[in-house]
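Beneath this line is the structure, given in structure tokens, with notes to follow.
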Amino acid sequence: MTQDPVLSLKELSYVYKEESELKIRLDSLILYAGSSVALIGLSGSGKSTLLECLGLIRPGFAASSYSFAGFNLLSSSLKKRTLVRSALMGIMPQQGALIPFLRIKDDFKITLKLAFYARAKLNIKDTFTHQQAMEQAILLANKLGIGNLLERYPESLSQGQRQRASFVKALIHRPRLLLIDEPTAALDPVHAKELFEIMLDECAKRKLCALAVTHDLALARELKLKICAYDSSLSHDGLNVFKEELS
18 MTQDPVLSLK ELSYVYKEES ELKIRLDSLI LYAGSSVALI GLSGSGKSTL
68 LECLGLIRPG FAASSYSFAG FNLLSSSLKK RTLVRSALMG IMPQQGALIP
118 FLRIKDDFKI TLKLAFYARA KLNIKDTFTH QQAMEQAILL ANKLGIGNLL
168 ERYPESLSQG QRQRASFVKA LIHRPRLLLI DEPTAALDPV HAKELFEIML
218 DECAKRKLCA LAVTHDLALA RELKLKICAY DSSLSHDGLN VFKEELS
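Sequential numbering from 18 applies to the sequence shown in our numbering.
Set out below in structure tokens:
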């Protein structure tokens, strides 16, 4: 039996009104459970903006179709999109993922509460409890070497430790999709590869799909990620186009 995609998108576009009408476009994207895709492009080409559109963080984008986890997002209200994001998406931005005035563990708990609330509003049946989710998060934190730091505030953690905590937070509510923005930008090559491999392994184990913005094409190919990249042959003044590479 053919597997249905978790995410299916066609002709997403976004126009920067404040930047001389610069437009970015993603022709299509299909993600299946357990699959991981690297979004590659030049600095300033619009990679992070595309990620924010896909993650329903940045309003004002257009698309001919966008379905995710059984929801038609184009026909959904802003409120429903927000619920879908909280319930079914995990987002790991470059910075600001952790709430500065909360201990890491309390930040995790808030994320879980919001996710459970959103799932109830969307009539999604829970297959796990709050306690089970926290226990799994602590196990992952221990695996990442930050299990002893969960009572700390973000400012007392190193950049690498904050990234690991952000990753645990993004997975704590068992999302269907993980969106990661430059997860290894602040790390040296050895630790960058190590963290990326752990992320991909956890996504595969949990059968969730992942889209990671990165500038490191060589690492993405080494890790055998599917590539969605800036296409210079289709781009021109005022338009940046991203396209999936054929397998």
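Glycine is no exception: its CB is placed at the ideal position from the N, C-alpha and C atoms. What you are looking at is a predicted structure, and each value in this text was computed from that prediction instead of being measured.
In this structure Glu69 is buried. Its beta-carbon is surrounded by 16 or more other beta-carbon atoms within 10 angstroms. In the three-state reduction of the DSSP assignment, Ala221 falls in the helix class.
By the beta-carbon neighbour count (other beta carbons within 10 angstroms, threshold 16), Arg102 is buried. With respect to the 7 Å criterion, Leu194 and Met109 are not classified as neighbours on the basis of their beta carbons. DSSP places Arg42 in the uninterrupted beta strand (DSSP E) bounded by 39 to 48. Counting along the chain, the unbroken beta strand (DSSP E) around Ile244 starts and ends at 243 to 247. If the five residues before and after Ser252 are omitted, its C-beta is found closer than 7 Å to the C-beta atoms of Val258, all from its own chain and listed in chain order. Straight through space, the alpha carbons of Asn165 and Asn159 are spaced by roughly 8 Å. Counting C-beta atoms within 10 angstroms of its own C-beta, Thr201 has 16 or more neighbours from the protein chains shown and is therefore classed as buried. Within the DSSP bridge table, the entry for Leu56 names Val230, Cys245 as partners. Leu263 counts as exposed, since fewer than 16 other beta carbons sit within 10 angstroms of its beta carbon. Here Val258 carries a strand assignment [DSSP, helix/strand/coil]. With 16 or more other Cβ atoms from the protein chains shown falling within 10 Å of its own Cβ, Ala150 counts as buried. Between Ala154 and Ile116, the C-beta spacing is not below 7 Å.
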